[in-house]
Amino acid sequence: MKTVTVYPAQSFQFQSSAIAPDKSISHRSAMFAMLAEGKTVIKNFLRGEDTMNSLRIVEKLGAKVEDDGKIITIESDGIMEPDAVLDCGNSGTGMRLFCGLLASADGHFVLSGDAYLNRRPMKRVTGPLRDIGAQLDGRNNGDMAPLSIRGGSLKAFDYSSRIASAQVKSAMILAALNADAPCSYREPELSRDHTERMLKGMGAGIEVDGLTTTIQPMKELLSPLDIRVPADPSSAFFFAVAAAIVPGATAVLEGVTLNPTRIEAFKALQRMGADMTYDLTDDKYEPIGNITIKHAPLKAITIEDNISWLIDELPALSIAMACAEGTSVIKNAEELRVKESDRISTVVENLRHCAIEVDEFEDGYAVTGGELMPAVVESHGDHRIAMSFIIAGLRCGMKVEDIDCINTSFPNFFELLESITKVER
Ligand code: S3P
Numbered sequence: 000m001k002t003v004t005v006y007p008a009q010s011f012q013f014q015s016s017a018i019a020p021d022k023s024i025s026h027r028s029a030m031f032a033m034l035a036e037g038k039t040v041i042k043n044f045l046r047g048e049d050t051m052n053s054l055r056i057v058e059k060l061g062a063k064v065e066d067d068g069k070i071i072t073i074e075s076d077g078i079m080e081p082d083a084v085l086d087c088g089n090s091g092t093g094m095r096l097f098c099g100l101l102a103s104a105d106g107h108f109v110l111s112g113d114a115y116l117n118r119r120p121m122k123r124v125t126g127p128l129r130d131i132g133a134q135l136d137g138r139n140n141g142d143m144a145p146l147s148i149r150g151g152s153l154k155a156f157d158y159s160s161r162i163a164s165a166q167v168k169s170a171m172i173l174a175a176l177n178a179d180a181p182c183s184y185r186e187p188e189l190s191r192d193h194t195e196r197m198l199k200g201m202g203a204g205i206e207v208d209g210l211t212t213t214i215q216p217m218k219e220l221l222s223p224l225d226i227r228v229p230a231d232p233s234s235a236f237f238f239a240v241a242a243a244i245v246p247g248a249t250a251v252l253e254g255v256t257l258n259p260t261r262i263e264a265f266k267a268l269q270r271m272g273a274d275m276t277y278d279l280t281d282d283k284y285e286p287i288g289n290i291t292i293k294h295a296p297l298k299a300i301t302i303e304d305n306i307s308w309l310i311d312e313l314p315a316l317s318i319a320m321a322c323a324e325g326t327s328v329i330k331n332a333e334e335l336r337v338k339e340s341d342r343i344s345t346v347v348e349n350l351r352h353c354a355i356e357v358d359e360f361e362d363g364y365a366v367t368g369g370e371l372m373p374a375v376v377e378s379h380g381d382h383r384i385a386m387s388f389i390i391a392g393l394r395c396g397m398k399v400e401d402i403d404c405i406n407t408s409f410p411n412f413f414e415l416l417e418s419i420t421k422v423e424r
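Quick note: the sequence shown uses numbering that gives the first Met the number 0, first residue 0, plus one each step.
Below, the structure written as structure tokens:
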């Protein structure tokens, strides 16, 4: 188990165009190649463990993948039955989206993952997919992987989801593309919309009206994507918090997707007092640009709306809350309990180790800003918990245990971090 010691940072000027490429868009660009005729071209694909697993799965499903180290091309002749288990590693996105993609494919497929993923709830996708005729099963009556899928024909649906989850929405949209008639999907709050944007860009019949998405079944294969994956705002956000909590610091984060469903945490940090600017530089499939953050004294905030727009950034935002004046509150965030770890417990436990006052609720927590103290904290195998507490260490020093998980989403995290502080691994 690897451990890192991070030392307090002095005021820094950080600028990078090398923030890890977006995980959500990378997964999708590999998977959607299976729906296209011709060559999918992907530049700046995230070479993290999660997305490389998706790429290998696409290959096991029969696609021809070429990778020159910079550009990945994928050509598919349709989904083939694989002769091995499809390993999603730590990735809930991988597993849930593949359920939707494979539910209608000809063949038998088994999806499995690591010990953390195989404990996470899958009924949210297997349930509605079974309701439209998919043959899916798994442990605990289809709620836990390994999952087995026998692809077959799917009925059209009009489904209202209880949770605002892009993974559930995407799985159902992928299923709908091969259903027997037009389908519609409603969600309680808009979740990230990369699937809709990318599939529409490929020519799929997808219309979004408020919280309702209607999907026409595919009559023919779609046009292949030709995409440069933007930087991941969820990864960039660690450096935004770093700049926000270190007096005199600035971070310029280049080439990040500015998709409104992804940058709510930056907006929250701005409401807390950080000085933030956004510059649009490109707009293909997604708005893309540079975000600049400058340190300023932070004040407490309450977060209770549009939770899915910042769900992945809440652990890092909690570090900013610990450095702010007053008590910040996070509510309506019960989804945090079923992420790579139970992020309510792991954030609360670790902040308490750092001498910060925290109250835990079923659906969130309250953090009273104070002086972060150096501590030894565990990642619980969760990349975002590991990186959040490493960033906390920029204020006071920190030892974080079990850091290999960072490779799932941000393989060059330490390379970038070492430009702003001393790190011992
Ligand atoms: C993701 C959706 C979110 C997010 C996850 C990536 C995606 O999960 O937390 O990191 O790529 O669709 P939910 O759909 O479960 O909210």
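Glycine included, each C-beta is placed from N, C-alpha and C at the ideal position.
Note that the coordinates shown come from a computational prediction; the quantities given were computed from them, not determined experimentally.
{"Asked": "Where Glu195 falls, given that 16 or more other Cβ within 10 Å makes a residue buried", "Found": "buried"}
{"Asked": "Simplified DSSP assignment, three categories, for Asn289", "Found": "strand"}
{"Asked": "Exposure label - Ile205; buried when at least 16 CB within 10 Å", "Found": "buried"}
{"Asked": "N- and C-terminal bounds of the alpha helix (DSSP H) containing Ser23", "Found": "Lys22 to Phe31"}
{"Asked": "Beta-carbon contacts of Thr291 that lie in its chain and below 6 Å, excluding the five residues immediately before and after", "Found": "Val251 and Thr276"}
{"Asked": "Reduced DSSP secondary structure (H/G/I, E/B, other) of Ile131", "Found": "coil"}
{"Asked": "Secondary structure of Gly429, DSSP reduced to three states", "Found": "Because the chain here runs from 0 to 424, residue 429 falls outside it and cannot be looked at."}
{"Asked": "Glu48 versus Asp86: straight-line alpha-carbon distance, rounded", "Found": "11 Å"}
{"Asked": "Stretch-stretch touch, CB-based, cutoff 8 Å, three pairs: the stretch 387 to 395 with the stretch 359 to 366", "Found": "no"}
{"Asked": "Length-filtered (4 minimum) alpha helix (DSSP H) runs lying within the stretch 176 to 262", "Found": "193 to 200 and 232 to 244"}
{"Asked": "Beta strand (DSSP E) runs wholly inside the stretch 363 to 403, at least 3 long, in chain order", "Found": "363 to 367, 375 to 377 and 397 to 400"}
{"Asked": "Test item: CB-CB of Ala203 and Leu176 under 8 Å", "Found": "yes"}
{"Asked": "Any non-hydrogen atom of the ligand S3P within 7 Å of Gln269 CB", "Found": "no"}
{"Asked": "Cα-Cα separation between Thr2 and Glu377, rounded to whole angstroms", "Found": "9 Å"}
{"Asked": "Residues of its chain near Phe388, where Cβ-Cβ distance is below 7 Å and the 5 sequence neighbours each way are ignored", "Found": "Asn349, Val376, Met397 and Val399"}
{"Asked": "Completely contained beta strand (DSSP E) runs for the stretch 29 to 76, where each covers 3 or more residues", "Found": "38 to 42, 63 to 66 and 70 to 74"}
{"Asked": "Where Glu36 falls, given that 16 or more other Cβ within 10 Å makes a residue buried", "Found": "exposed"}
{"Asked": "Of the listed residues His379, Ile419 and Ser327, nearest to Asp341 (C-alpha basis)", "Found": "His379"}
{"Asked": "Contact between the stretch 99 to 118 and the stretch 130 to 145 (3+ Cβ pairs under 8 Å)", "Found": "yes"}
{"Asked": "Any non-hydrogen atom of the ligand S3P closer than 7 Å to Arg185 Cβ", "Found": "no"}
{"Asked": "Best match in Asp130, Asn406, Ala17 and Met372 for proximity to Met171 [C-alpha to C-alpha]", "Found": "Asp130"}
{"Asked": "Range of the contiguous alpha helix (DSSP H) that encloses Val346", "Found": "Arg342 to His352"}
{"Asked": "The stretch 6 to 19 contacting the stretch 48 to 65, beta-carbon criterion three pairs below 8 Å", "Found": "no"}
{"Asked": "Whether Ala32 touches Ile70 by CB criterion (8 Å)", "Found": "no"}
{"Asked": "CA-to-CA distance, Ser10 to Ile306, given in whole angstroms", "Found": "31 Å"}
{"Asked": "Ile428 versus Ile262, Asp311 and Val255, residue with shortest Cα-Cα distance", "Found": "Any answer about residue 428 is impossible in this case: the structure gives the chain only from 0 up to 424."}
{"Asked": "Pair within 8 Å by beta-carbon distance, Ser53 and Ala29", "Found": "yes"}
{"Asked": "Other residues of its chain near Ala155: CB distance less than 7 Å, five sequence neighbours each side excluded", "Found": "Ala178, Asp179, Ala180, Pro181 and Cys182"}
{"Asked": "DSSP-derived helix/strand/coil call for Ser431", "Found": "As displayed, the chain neither begins before 0 nor continues past 424, which places residue 431 out of reach and without an answer."}
{"Asked": "Distance cut-off 7 Å: Gly363 Cβ against heavy atoms of the ligand S3P", "Found": "no"}
{"Asked": "Cutoff 8 Å: Arg138 Cβ touching any chain D Cβ", "Found": "This model lacks chain D altogether, as it is built from one protein chain only."}
{"Asked": "Cutoff 6 Å; reference Glu65; Cβ partners in own chain excluding five residues on either side", "Found": "Thr72"}
{"Asked": "Leu100 to Tyr158 span [Cα, whole Å]", "Found": "17 Å"}
{"Asked": "Stretch pair the stretch 215 to 229 + the stretch 259 to 279: three plus CB contacts closer than 8 Å", "Found": "no"}
{"Asked": "Beta-carbon contacts of Glu333 that lie in its chain and below 7 Å, excluding the five residues immediately before and after", "Found": "Glu361 and Asp362"}
{"Asked": "Whole-angstrom distance between Ser317 and Lys22, CA atom to CA atom", "Found": "22 Å"}
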